[in-house]
Amino acid sequence: MSAELFTGGLPPGAPAPGTSFADLLRSLDLAPEWKGDRAEGSVRAPEGTTVLALRYADGVIMVGDRQATEGHLVAHRRIQKVFQSDGYSAVAISGTAGLAIEMVRLFQTELEHYEKLEGTRLSLDGKATYLARMVRSQLPMVFQGLVVVPLFAGFDEASNEGRLYTFDVVGGRYEEQDFGATGSGGRDAKSYLRGAYHDGLDESAALDVALRALVVASDEDTATGGPDVQRGIFPNVVTVTAVGYREVPEDQVATISSSAMETVR
Numbered sequence: 000m001s002a003e004l005f006t007g008g009l010p011p012g013a014p015a016p017g018t019s020f021a022d023l024l025r026s027l028d029l030a031p032e033w034k035g036d037r038a039e040g041s042v043r044a045p046e047g048t049t050v051l052a053l054r055y056a057d058g059v060i061m062v063g064d065r066q067a068t069e070g071h072l073v074a075h076r077r078i079q080k081v082f083q084s085d086g087y088s089a090v091a092i093s094g095t096a097g098l099a100i101e102m103v104r105l106f107q108t109e110l111e112h113y114e115k116l117e118g119t120r121l122s123l124d125g126k127a128t129y130l131a132r133m134v135r136s137q138l139p140m141v142f143q144g145l146v147v148v149p150l151f152a153g154f155d156e157a158s159n160e161g162r163l164y165t166f167d168v169v170g171g172r173y174e175e176q177d178f179g180a181t182g183s184g185g186r187d188a189k190s191y192l193r194g195a196y197h198d199g200l201d202e203s204a205a206l207d208v209a210l211r212a213l214v215v216a217s218d219e220d221t222a223t224g225g226p227d228v229q230r231g232i233f234p235n236v237v238t239v240t241a242v243g244y245r246e247v248p249e250d251q252v253a254t255i256s257s258s259a260m261e262t263v264r
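Position 18 (the sequence shown) corresponds to 17 in numbering that gives the first Met the number 0; numbering is contiguous.
This is the structure we're talking about:
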């Protein structure tokens, strides 16, 4: 049977069903023309690069590098990528930095509003679902090359354990069993974690493994900013446990980072 019968009234020249969704958008002039890795006419905005999280015996640890890039240039060296979302959860950002930070601020406000309205905290799974909806709402920006992909983790008071979630650009939400990473260096970080991670890590060992994974990612991915001892720039590191959200002191992060740089490189 002819493919023309299934075009559903699409304009002349539109691809028949079976071709890619991107081709369909281009045929309808709904998608930008791409040159290289950016859309023609799109705004080049600072982008956050690598964030990761892993579970350990007491909860979860989340780490973010401090560098933001504009193409091949360093836009910022001290950007914050890991934020407290409420007393028992944290969110980290990768992608278009400005949009991501605004998403985090709105997420924080919505969780606070829910807690005041209902008199109780939203469940950890509910928080992850709400964040997925926020990511999905950014889909029109994705077609302009402005992508936001968060990483979410927290302590589940109901099950008494740390849990973490990764997302995709269309709002898909995926709970990870042990660890997760996103951003340009996420693949390299996860490759290291697959070999170094094991169940039952205490906090000290988990911090060491997490920071080593970030150092490996910074070695392989030029957009990822590793620890910079000369400038005194070190990753954002937080833990979330049964006692809540805690930022790991910078001097402790500096000591572990320096050790990781000496042994990994």
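Cβ atoms here follow ideal geometry from the backbone N, Cα and C, with glycine treated the same way.
Source: prediction; values computed, not measured.
Taking each of Gly243, Ala241, Val90 and Asp187 in turn and checking the Cα distance to Leu130, the smallest one comes out for Val90. Between Asp167 and Arg54 the beta-carbon gap is near 21 Å, outside 8 Å, which marks them as no contact. In the structure shown, Ala253 falls within a helical segment according to DSSP collapsed to helix, strand and coil. With a beta-carbon spacing of about 6 Å, Met102 and Met133 fall inside the 8 Å limit used to define contacts. Around the beta carbon of Asp220, 16 or more other beta carbons lie within 10 angstroms, which makes this residue buried. Going by beta carbons, Glu246 and Asp57 fall outside the 8 Å limit. Restricting attention to alpha helix (DSSP H) runs no shorter than 4 residues, the region 69 to 155 encloses them at 96 to 117, 123 to 135 and 138 to 141, ordered along the chain.
With contacts defined as CB atoms closer than 8 Å, Thr48 and Ser183 qualify as a contacting pair. A straight line joining the alpha-carbon of Val228 with that of Ala52 spans about 23 Å. In the DSSP annotation of this structure, the continuous segment of the alpha helix (DSSP H) that includes Tyr191 starts and ends at Gly185 to Ala195. Bounds of the beta strand (DSSP E) holding Ala52 are Val50 to Tyr55. Taking the Cα of Val147 as reference, the smallest distance to any Cα among Lys80, Gln107, Gly185 and Ser93 is reached at Ser93. Under the 10 Å beta carbon count, Gly70 is surrounded by fewer than 16 other beta carbons and is classified as exposed.
In this structure the region 255 to 262 does not lie against the region 72 to 90, because fewer than three pairs of beta carbons, one per stretch, are closer than 8 Å. Residue pairing for Glu175: DSSP places it in a beta bridge opposite Leu163. A check of alpha carbon separations from Gly179 across Pro45, Val59, Glu46 and Ala44 identifies Val59 as the nearest. In the pairwise beta carbon analysis, the region 64 to 79 is classified as not touching the region 203 to 210: fewer than three pairs are separated by under 8 Å. Judged by beta-carbon spacing, Leu150 lies beyond the 8 Å limit of Thr108, meaning their Cβ atoms are not closer than that value.
The alpha-carbon separation between Arg65 and Asp218 amounts to approximately 15 Å. In terms of Cα proximity to Phe233, the closest of Glu249, Ala241, Ala44 and Glu175 is Glu249. According to the DSSP assignment, Val214 belongs to no beta strand (DSSP E) but to the alpha helix (DSSP H) extending over Glu202 to Glu219.
C-alpha of Tyr113 to C-alpha of Arg120: approximately 7 Å in a straight line. With respect to Pro226, Val236 sits apart: the two C-beta atoms are not nearer than 8 Å.
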